[in-house]
Amino acid sequence: DTGVSQDPRHKITKRGQNVTFRCDPISEHNRLYWYRQTLGQGPEFLTYFQNEAQLEKSRLLSDRFSAERPKGSFSTLEIQRTEQGDSAMYLCASNLLGARTEAFFGQGTRLTVV
Amino acid sequence: TQLLEQSPQFLSIQEGENLTVYCNSSSVFSSLQWYRQEPGEGPVLLVTVVTGGEVKKLKRLTFQFGDARKDSSLHITAAQPGDTGLYLCAGGRNAGNMLTFGGGTRLMVKP
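Protein chains in written order, with the numbering used here: chain A, 10 to 123; chain B, 29 to 139.
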């Protein structure tokens, strides 16, 4: 499978715990994006990387959120001290610098904070 | 505040009917994508339009980009139950290539 891969698909955690999600983009794609989607809404941009550099972060990305892409390949998104309001689908997408803006999405990680 | 407004938000129709979904903005986008999303899955790209006035057809789906590149429409002819899903429009600008999504149109096609 050469698409965008996300792990885990589902995560249930207790409030206050830390969680980490992983995204493996399409192999030749140098841009990687994280989005968050709450029920009944469209995805909202969180942050993106070009290779290993994090180039932009949304105001939605509070201090409890951190994302990395250490070798310019896979990326991780960590949420510290989770809150119930963090419950959402976390989507990863990738594309190629210089290509049109279309992005290809993974299947997402559904986070439920109880 | 959504920069892209989709309408209608919900649509329930019978198999065989035609429908149109609208995506409107006051901002200009360099390109616009349409995605379809099933419950519990990520969005799947249907089409990208980049030129003002552009029309693209994908079987029974017709996509149009407005002349001013601020709006788009998706028309489905003879809808089928397999068309059921959440349809999302997303606009892209050159800087960053990040996408701005509309709120989505949830379509249900009843057999």
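All residues carry an ideal CB built from backbone N, CA and C; glycine is no exception.
The structure presented is a predicted model; accordingly, all values stated were derived computationally and were not measured.
Checklist entry - Of all Cβ atoms in chain A, is any one closer than 8 Å to the Cβ of glycine 131 of chain B? => result yes
Checklist entry - Which residues, in chain order, does the stretch 61-84 of chain B contribute to contact with chain A at a C-beta distance below 8 Å? => result Gln61, Tyr63, Gly68, Glu69, Gly70, Pro71, Val72, Leu73, Thr76, Val78
Item to check | At least 3 beta-carbon pairs within less than 8 Å: the stretch 70-79 of chain A vs the stretch 13-26 of chain A | outcome: no
Item to check | Runs of alpha helix (DSSP H) wholly within the stretch 59-110 of chain A (minimum 4 residues, chain order) | outcome: none
Next on the checklist: Is there a Cβ of chain C sitting closer than 8 Å to that of tyrosine 99 of chain A, yes or no?
Outcome noted: Reference to chain C is not applicable here, since the protein chains of this structure are A and B.
Checklist entry - Exposed or buried, which one is leucine 127 of chain B when buried takes at least 16 other CB atoms within 10 Å? => result buried
Checklist entry - Do the stretch 97-107 of chain A and the stretch 46-63 of chain B make contact, defined as three or more Cβ pairs closer than 8 Å? => result Short answer: they don't touch.
Item to check | Of the residues A:Leu120, A:Leu70, A:Ala112, A:Arg40, the one placed nearest arginine 78 of chain A, counting alpha carbons only | outcome: Per the C-alpha coordinates, the member of A:Leu120, A:Leu70, A:Ala112, A:Arg40 positioned closest to arginine 78 of chain A is A:Arg40.
Next on the checklist: I want to know whether the stretch 29-38 of chain A touches the stretch 81-101 of chain A - three or more CB-CB distances under 8 Å.
Outcome noted: yes
Checklist entry - First and last residue of the beta strand (DSSP E) that includes arginine 31 of chain A? => result 28-33
Checklist entry - From valine 9 of chain A to valine 137 of chain B, what does the alpha carbon distance come to, in whole angstroms? => result Any answer about residue 9 of chain A is impossible in this case: the structure gives chain A only from 10 up to 123.
Checklist entry - Where does glycine 132 of chain B fall in DSSP's three states? => result coil
Item to check | Between the CA atoms of glycine 44 of chain B and lysine 66 of chain A - distance to the nearest angstrom | outcome: 44 Å
Checklist entry - Does methionine 136 of chain B come within less than 8 Å of chain A when only Cβ atoms are used? => result no
Checklist entry - Can you tell which of B:Gly80, B:Arg134, B:Gly113, B:Arg121 has its C-alpha closest to the C-alpha of alanine 96 of chain B? => result B:Gly80
Item to check | chain A residues whose Cβ lies nearer than 9 Å to that of leucine 102 of chain B | outcome: The premise fails here: leucine 102 of chain B is roughly 14 Å from chain A at the closest Cβ pair, so nothing lies under 9 Å.
Item to check | Residues in the stretch 76-95 of chain A having any Cβ partner in chain B nearer than 8 Å | outcome: none
Checklist entry - For isoleucine 88 of chain A, does the count of other Cβ atoms within 10 angstroms reach 16, so buried, or fall short, so exposed? => result buried
Item to check | Bridge partner(s) assigned by DSSP for glutamine 65 of chain B | outcome: Under DSSP, glutamine 65 of chain B takes part in a beta bridge, and its partners are B:Leu114.
Checklist entry - How is threonine 29 of chain B classed by DSSP in three states: helix, strand or coil? => result Confidence at threonine 29 of chain B is low in this model, with a pLDDT of 49, below 50, so the placement of that residue should be treated as unreliable; the coordinate-derived value is given next. Three-state result, threonine 29 of chain B: coil.
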